[in-house]
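Sequence positions in the sequence shown follow mature numbering (1 follows the signal peptide of the UniProt record, and there is no 0) and run -23 to -1, 1 to 1230. In this text, a Cβ means the ideal position worked out from N, Cα and C, and glycines have one as well. Have a look at the structure below, then the notes.
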Amino acid sequence: MVAFKPKCKLFFILLVAIVSIYGAPKKLKSHFNQHHETKHETKRQFHKNKNLDHIMSDELSGTSCDSFIDLTAGWKTGQDGYFDFTVPQEVNGWKITVEFTTATKFFKIWDAKKMSGPGRQYISQNFIYNKKLSANSIFEYRFQYKFNAGSNPKISFIKFESSDGGFSMSCGTSDPSVTVQPKPTLPPLEGDCSDFVKINKKKSGNGVEQGRIRFALPGDLYKRWKMKIGFAETIEGNFQVQKNANSIGTDALCSEATFYNYEQANDKNRFRAGKNFMFPYMTHYNREEESPTIQYIEISDDKGNLYTCGNKPTCPTTTPGTTTTPSEQESTTTEIKTTTEELITTTEAAPQQLSGDDCSDFLKFEVGYNYQQGTFNFLVPQQADDWQLQVGFTPSTRPERLDVYGTKAMPNNPGKQCLYKFKNEDYDKYAGSNPNNVFKKGYKFDFIHGNEMNIEYIRFSTDEFEMSCGTNQCETETTPGPVITTLATTTPEVTSPPLGGETCDAFVEITKKSAGQTFGIIRITTTQDLTGFQLIIGFESVTQGFNIDNGVNRITSDETCPGYSYVFQNIPNGDIPSGTTFVFSFHINYDQNSGDEPKIDYIKFADDSCGNKPVCPMTTKAPVTTKAPETTTEGPEVTTKVPEATTEAPEATTEAPEVTTEVPEVTTNAPEATTEAPEVTTEVSEVTTEAPEVTTEAPEVTTEAPEATTDAPEATTEAPEVTTEAPEVTTEAPEVTTEAPEVTTEAPAVTTEAPEVTTEAPEVTTEAPEVTTKAPEVTTEAPEVSTTGSEETTQAQTTEAETCSTPHDYSDLLGKSMLFYKAQRSGILPDNDIPWRRNSFENDGQGQGHDLSGGYFDAGDYVKFNFPMAAATTVLAWGMVDFADGYKFAGKYDDGLATLKWATDYFIKCHTATNELYGQCGIGKDDHEVWGREDEYYTNSGKANPRPCYKVDANNPGSDLAGETSAALAASSIAFKDSNPGYATTLLQHAKELYTFAKTFKGVYSSSITDAQFFYNSFSGYNDELAWSAAWLYKATDEEKYRTDAEGFFNEMQQNPGEFSWDNKGRGVAALLSQLTGKAVYKQNVDSFCNQMQNNQPRNQYGLVFIQQWGSNRHAANVAFICLAHSKATGQFSAFGRNQINKLLGDESINQRSFVVGYGLNPPNQPHHRSSSCPNRPAPCGWNEFNIKAPNPHVLTGALVGGARSTTDVYQDRRDDFIENEITLDYNAGFQSALAALLELQKEGDCGQKLTF
């Protein structure tokens, strides 16, 4: 026997562990990492009073198994727990038998394969990735069992044995009368479909049916399989498979035949006969009718394997000699529906070879608001080992992109092409004894709404033969035409005349109207060569909102007048030749009760215009005076001349409707607090905007030091934007906007307390937050101004040398992200910044005798899950603490504090006693049964009012919840320390108490708040949150005891998690401790993570690191932020972090699109979000609105959507896809903090360069 030295032995054990983990399938490996790598806290609690020398568990033995089981959460009909025993020798494959005193309904061991049950006895065995256990390893796998109320079964016998039978051990006594019930097997897919559909009656009813489709494969199936679910009726709602398959569209052939199509959701190449398939589904239907019945199920692959059950629904047909009515003829003939959101319908016919001038016979597809998706369907008449597919459009109608699923895109196949080329995957060959295989592959392409197009040419070829349909109109094209990223060019048939005339009717086409909304398109043809353009849309009647759906960014400029005039800027991407026709799709929101439906009365594009420019109403209330503290400074008089006091730079935009802050004292009569940048002035004493030259006199404002003067004797600066502070500042209402974060109740930008409003160029205006990424013309040199009301002295300086250009306006995006958080606020809203939101759930907590109103809704629903809310708050606070200069550079620091405070005020309410913390308001299942507005929840749902709230306490602990909340409050206390020290002290006191509570009463919160298990279960345990909380308390207090705790808990938690998320804080702890202690072990931990992400992590089709399907964009943003935060100290990964954020904003060259609602090219417009999907009041809102395939009536500005669900998946902008189009608090947190980091780099002159990782 070989004797290992201690170091060699340790290396060998680590090597075995690495091979075991990294050899596992991705999904199971992630689950194994989350549940098993970390030493479970229940085990530590069990051993907390033992000597460390005896912490090893015992081998199974004795007449009782109680000492080998740790029971955690229990309820009336179920129990959670962990096994806790030692395996004394190495085993290479194992199985475990568990027997109960009475029968159970269900038993499962996490990370083990169930081989029998249900009943009294269960046999489970290892998976491939965890089959090998080393000698003296601890078997501490989690289990759960369920039973009938009152039966209370106990585990009476456990037997653990090696697969080869060479080793076994047991505890307890087995009942010889117990027989093992074999694991139920599913029947193969054939016959009637009723055998394969199981309806969950408890979760069904009232227009909703939930259930599972389950079957075994009768034969082999290959990648990439397709599945078709058929109904013999039209569903007045929606059907959706919720797991294990990706939707690829719907075929509504007629009212008697509707099919929902899906494809394989993983990358497995082959499925053996007998493989069990399970698909949970949900159907929404007309509650006045019977629930629709699944009549037909079909699953097939590209090899010709086809398995079905039931009778395939078909459309009625007529026999020869039969007379049909026109309406009957309509149901039997092929009809192409040209309006959006309607399906292309076609009768079933046997697939044929490609031929003819029309390719529509070889396609089955549907047209959505801005996309077409469907399936190629043609016969391949010969064997084809390797093949190529070409798909053509016309030179004047190019889709934004084209994806053909299950193929390889050929090189040089970017978006906006006329001809796209694809080839087969290595496994995908048309060979074998039967050459007549059917080519069935799904596809999807995007276009600008109003500029629909079709596939005009298909060519399929091999080395032996080729076939085609249609005409290739792209053959003569050697290079694509001018690439205009902002918009698509129209076809020649719909070009518009040059913009001009007394009305704009000739350039506007209305496509749809609904309650309080108008949809349409604008067509404009350029009359000159352009490098960029600005577009202005004006109305004579007031609107409640107007937006162009994609292709341009809305900005705020001198021409902006909220409600009446909207300004847009193109996204630069090359020259625009004269004669180019653009199509802009738009929607208008208005008050339908006003009786005045607005229409577009004015359009200005570049130098051309039509109609009459609207006059912006400028009525105001009496001037409002904002008083600064009485402050005097000594020195010469300082007079600043402000000629016209304008902010003329076109970049100095304010994005008014999206970036707003609350200014209770400053009000205007303008519909949305107008922002007229040229007239935004800060007046001292008596200054009027009508004077041709506005002089700001401060007869009593003097400086303390001689250097507080300019070279000129009068100390006068000529900079239009530079103003000085006076003891009393009067701001006239019409010019002061609610968009300026500096103009708040604390008047940080108007008083002498605001270091931001100084002579420093970027902040020297009341519109500072929207001064763009560059300050090219602000080069004034003003005197140093020192005021007693400020803790710092600032000096005006030229920012041109320090700032640089970026491909995206990070300042604007930062504001947009905070608008998203405003849209998520629960409780009593203090402003109308999100006009479609109302007060809601004001009585949260009343059922428990507390006021738990406030906080943020978690996602597109209305539950308040405090665990992820606190995690998001900590990450937001981290961004404000480490990258405060980024917020200040953007002029949004006060907005950032307000975003934090909405959460921290709520957390303080939830901390109702020293050892008591509320962690959830609402029931996930109940909430998800309701679709509608937040303030109508109780009215429309009939749910209990008030809804319940749940807590953790000393008897029902939640160390992870309390630790994360402590971290959020501690991090936020640092952010508030300078501006609001009293509030910071309060936050810190609660943080300390919660940390002590979490550390003293240990337990996983989701075992105490059991509803959270189904939504935000704490997989990683609680040591990471305890380390996280201690590290933030150390940063906030500098007390050594917290550093010691943080490092101690770090050593006990999972060391190398593959993510940084709401559940697992490990990498964040390492980054923070690296920053606080400077120790190499923590730096190396984060270096390793960022190197892995940068160099080895899989990427999806958008160039983003891919970790898992749920919130894949969130993971990319979190990775970017962790690496940017780490880079602040090391300088290593800033380019990588910037690269990932830019790709989220659409910088991937092939699959170019923004994933942020309301920003950039082709942004999401159907986020899975209840309140923004509702039309203007008083129109009702429910599941019908959920099912409408159109943009949400309200723009959920700044929300980052979930993103693609796999490395090969193409993102779908669909409201019913809650994986790809969900939004949540934690999705935006890392993204927002990463933006702050990039802004700080920009302020320092580091805008990076285009790098590919």
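Residue i to residue j span [Cα, whole Å]
i	j	result
G1222	R924	51 Å
L48	G39	19 Å
K1056	A1048	11 Å
A944	D859	15 Å
D35	V75	18 Å
I986	G998	14 Å
residue 1264	D1186	The first residue shown for the chain is -23 and the last is 1230, placing residue 1264 beyond what the model contains.
E906	T916	14 Å
F1132	N1205	11 Å
F416	G149	60 Å
V1172	Q1209	18 Å
L874	Y798	12 Å
G477	V1063	59 Å
Q217	Y258	6 Å
P1157	Y883	31 Å
Cβ-based neighbour list, residue i, same chain, cut-off 6 Å, excluding 5 preceding and 5 following
i	result
Y993	F842, F844 and P845
S949	A854, L877, T881 and L964
P159	S93
R1020	Y1011
Span of the beta strand (DSSP E) around residue i
i	result
Q187	V185 to A193
D169	D169 -> no beta strand (DSSP E), and no H or E assigned at all.
E443	E443 to G447
C587	D585 to G588
D88	Per DSSP, D88 belongs to no beta strand (DSSP E) and is neither H nor E.
C286	L283 to G287
H1171	Per DSSP, H1171 belongs to no beta strand (DSSP E) and is neither H nor E.
N129	From DSSP, N129 is part of no beta strand (DSSP E); its letter is neither H nor E.
Q365	Q365 to G369
Strand pairing of residue i, partner residues [DSSP]
i	result
G522	N566
I811	Partner(s): none; I811 has no beta bridge.
E893	A890 and D930
P475	T502
S93	P159
R218	Checking the displayed sequence, the identity of residue 218 turns out to be Val instead of Arg. Answer is Y258.
M489	In the sequence as presented, Met is not what sits at residue 489; that position holds Lys. Paired residues: F496.
residue 1262	Because the chain spans -23 through 1230 in this model, residue 1262 falls outside it and cannot be assessed.
First and last residue of the uninterrupted alpha helix (DSSP H) at residue i
i	result
A50	Here A50 belongs to no alpha helix (DSSP H); instead the beta strand (DSSP E) covers I46 to W52.
R1182	Counting along the chain, R1182 falls outside any alpha helix (DSSP H), and DSSP gives it neither H nor E.
L964	P958 to T977
D862	A861 to A867
E275	That residue, E275, is in no alpha helix (DSSP H); its beta strand (DSSP E) goes I271 to S277.
A1106	S1089 to T1107
G901	G901 to H905
Outcome for residue i when other beta-carbon atoms lying within 10 angstroms are tallied against a minimum of 16
i	result
M387	exposed
T156	exposed
T850	buried
Q219	exposed
D482	exposed
N107	buried
R1192	buried
S1065	exposed
W52	exposed
Residue i CB to nearest heavy atom of the ligand COA below 6 Å
i	result
R249	The model depicted lacks the ligand COA and carries no ligand whatsoever.
8 Å Cβ shell around residue i - same chain, five flanking residues per side excluded
i	result
S140	V68, N69, G70, W71, K72, Q102, N103 and K108
Contact set for residue i: own chain, Cβ-Cβ below 7 Å, skip 5 residues either direction
i	result
S984	T49, A50 and D57
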